[in-house]
Amino acid sequence: MDKIFIKDLEVYGYHGVYIEEKNMGQRFFISAELYLDLNPPGMTDDLNKTVNYAELCHKIEQRFIEKKFDLIESCAEYLANIILNEYTLIDKVKINIKKPSAPIGKPLKYVGVEIERGWHTAFIGLGSNLGDKEGNLKLAIDMIKETEGIKVTKQSQVYITKPVGYTDQDNFANSVIQLKTLKKPKELLETMLKIEEALKRERIIRWGPRTIDLDILLYDDIVSTDENIVVPHPRMHERLFVLKPLSDIAPYYIHPLLNKTIIQLWEEVTKSNKDF
Ligand code: X6L
Ligand code: MG
Ligand code: MG
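Our numbering puts the first residue of the sequence shown at -3, with every later residue one more than the last.
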């Protein structure tokens, strides 16, 4: 992918665990690699279609010196966040921070850190069958939209569906949203669980009635078997109340384990189930 780079921008800053580092300060070298499509600006010679690296250098310096972090890890995380939030053209950023005068008492060129952060695509399945069902979906989506580091980019229709699994309960309202996020899967899951809690989700009966259920269906094309966050959602490919709304907004998205499009999965399930 195309990139713009800034190499070893020298900045005098006040980060460090030791008090002298915070008081006296020291030199740092900051490098950034910005991943974005350089073809549009390259074809049009238009600065508005790219990132002004002069402006960015000034911003990096300004934001770097206004804080006093213990760790350069925190500095890097902080800068990556600012850059990705303020320059929407940038998909991914690499930040490298070097500390050539770290108080180590050994001869070395520098110590440093490097991180890579970017926007990821995820799909969330929403379900509600208690209280104002459609209102609950809307409330949850509003809370997701207000979360820092998340942008909701697509929304399916709302479908009224018969309960699956535990059938002695009210019909569900189901929908699916696509979002762009800076969060890792684990952080995204925590956000979803917090919103479920805020909307008074109670877990009494397994598969039972709920004000809101927020499931991470897909996260990029990651296949994760971490027992807390299994993506793709292990049963999404069997459930029409997921596949139907998902096919509204991502019909040709390929399920990274089954290697089939959402439409294909939907057709396979529809053939053996006439509930929709
Ligand atoms: C055999 C055994 C076959 C269990 C299927 C299917 C279990 C689905 C649980 C199953 C089995 C589930 C929603 C729902 C639930 C929802 C609708 C579940 C877990 N959530 N039904 N049932 N919408 N329509 O959001 O999905 S509970
Ligand atoms: Mg669920
Ligand atoms: Mg769930």
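The C-beta atom is built at its ideal place from N, Cα and C for all residues, glycine as well.
Between Ile86 and Ile111, is the Cβ-Cβ spacing less than 9 Å?
no
Is the beta carbon of Val238 less than 9 Å from the beta carbon of Val172?
yes
Assumed close pair Leu195, Asn125 - CB separation to whole angstroms, cut-off 8 Å:
Leu195 to Asn125, Cβ: 13 Å. No contact.
Contacting residues, own chain, Cβ-Cβ under 8 Å from Glu16 (five flanking each side not counted):
Pro99
So, is Ile200 buried or exposed, given that buried needs 16 or more other C-beta atoms within 10 angstroms?
exposed
Going by other Cβ atoms of all chains shown within 10 Å of its Cβ, with 16 needed for buried, is Gly278 buried or exposed?
Look at the range of the chain in this structure, -3 to 272, and you will see that residue 278 is not part of it.
Run of the alpha helix (DSSP H) containing Thr266, from where it starts to where it stops:
258 to 267
For Arg197, which residues from the same chain have a beta carbon less than 8 Å from its beta carbon, with the 5 sequence-adjacent residues on both sides left out?
Arg206, Thr207, Ile208, Asp209
If I follow the unbroken alpha helix (DSSP H) through Val227, where does it start and stop?
Note, Val227: premise wrong, no alpha helix (DSSP H); not H, not E.
In chain order, what are the residues with a CB under 7 Å from some non-hydrogen atom of ligand 2?
Gly121, Gly123, Asp209, Asp211
Taking 8 Å as the threshold, find out whether the segment 63 to 81 comes into contact with the segment 36 to 43 through three or more Cβ pairs.
no
Using DSSP's beta-bridge definition, name the partner residues of Thr117.
Lys176
In terms of DSSP beta bridges, what is Gly9 paired with?
Gln22
By Cβ distance below 7 Å, which residues in the same chain neighbour Val148 in space, the five residues on each side in sequence not counted?
Ile137, Ile140, Lys141, Ile173, Leu175
On a CA-only basis, which of Asn170, Lys180, Asp217, Pro181 is nearest Lys240? Give me that one, please.
Asn170
When the Cβ atoms of the segment 16 to 32 are set against those of the segment -3 to 8, are three or more pairs found closer than 8 Å?
yes
Output the boundary residues of the alpha helix (DSSP H) element that contains Trp92.
It is Asn, not Trp, that sits at residue 92 in the sequence shown. Unbroken run through Asn92 is the beta strand (DSSP E), 88 to 95; no alpha helix (DSSP H).
Using a Cβ-based criterion (distance less than 8 Å to any ligand heavy atom), does Thr157 qualify as near ligand 1?
yes
Span separating the alpha-carbon of His11 from that of Asp128
50 Å
Please state whether DSSP places Phe1 in a helix, a strand or coil.
strand
If Leu1 sits next to Glu29, beta carbons under 8 Å apart, how far is it from one beta carbon to the other, in whole angstroms?
The sequence shown places Phe at residue 1, not Leu. With a Cβ gap of about 5 Å, Phe1 and Glu29 count as contacting.
Find out if the Cβ-Cβ distance for the pair Thr117, Tyr215 is shorter than 9 Å.
yes
Mind checking whether the beta-carbon of Glu130 lies closer than 8 Å to any heavy atom of ligand 1?
no
Length of the line joining the Cα atoms of Lys267 and Thr157:
17 Å
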